[in-house]
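**Q** What follows is a structure written as structure tokens; I'll ask about it next.
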Amino acid sequence: RDFGSARVHLRGSEASGILDEKATVSRSEMLEHCFYQLLNLCQVGFLYASAALPHSRAARTALAAALLLPWLARSRFPVNSFSANYKTPGVGGTTPLIRFLYRLKKWQYLLYKHFLLHGLNVSVAMGGGGGGGE
Numbered sequence: 021r022d023f024g025s026a027r028v029h030l031r032g033s034e035a036s037g038i039l040d041e042k043a044t045v046s047r048s049e050m051l052e053h054c055f056y057q058l059l060n061l062c063q064v065g066f067l068y069a070s071a072a073l074p075h076s077r078a079a080r081t082a083l084a085a086a087l088l089l090p091w092l093a094r095s096r097f098p099v100n101s102f103s104a105n106y107k108t109p110g111v112g113g114t115t116p117l118i119r120f121l122y123r124l125k126k127w128q129y130l131l132y133k134h135f136l137l138h139g140l141n142v143s144v145a146m147g148g149g150g151g152g153g154e
């Protein structure tokens, strides 16, 4: 079951996401977004717990490692590939601009996940989250 009106779903969406004005967010995309919202909640819990442990690098490091555990459940959620949106012209993006935006969206996600988010977790675990040195 998808979100939106039945009339829109009769046309169908060829792309993941909603960059194209005619695209519809599917049920699998909403479930995938639920996974990432659960990760956000875990991240908030990690930051609060780390702030409560400013002098325990070992505990903060264990929490940072535990924060990776939800990724073990990733296969239980749908995966909607960004690259399917721009690899074939006319599929996923009806214009070169839409295909470019999907490519940008993919690289934005990779930057966020692999550098900003994991980098933040490592720096908080090692540095104490602003609680001073050890």
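Residue numbering for the sequence shown follows our numbering, starting at 21 and increasing by one per position.
Glycine is no exception: its CB is placed at the ideal position from the N, C-alpha and C atoms.
1) Residue 66 and residue 92 - do their beta-carbons sit closer together than 9 Å?
2) Could you tell me which whole alpha helix (DSSP H) segments of length 4 or greater appear in the stretch 60-128?
3) Considering Cα atoms alone, identify which of 97, 63, 71, 143 is closest to residue 47.
4) Taking DSSP as the reference, what is the three-state secondary structure of residue 144?
5) With distances taken from CA atoms, which of 55, 87, 62, 60 is nearest residue 142?
6) Measuring CA to CA, which of 45, 49, 61 is closest to residue 90?
7) Taking a contact to mean a Cβ-Cβ separation below 9 Å, would you say residue 137 touches residue 63 in this structure?
8) Using C-beta distances below 8 Å, list every residue in its chain close to residue 51, excluding the 5 sequence neighbours before and after it, in chain order.
9) Out of curiosity, what's the CA-to-CA distance linking residue 71 and residue 49?
10) How about residue 83: is its Cβ closer than 8 Å to a heavy atom in the ligand GTP?
**A** Let's see:
1) no
2) For the stretch 60-128, whole alpha helix (DSSP H) runs of length 4 or above, ordered along the chain, are 77-86.
3) 97
4) helix
5) Taking only the C-alpha atoms, the option nearest residue 142 is 87.
6) 61
7) yes
8) 97, 98
9) 33 Å
10) As presented, the structure is devoid of all ligands, the ligand GTP included, so that no description of it is given.
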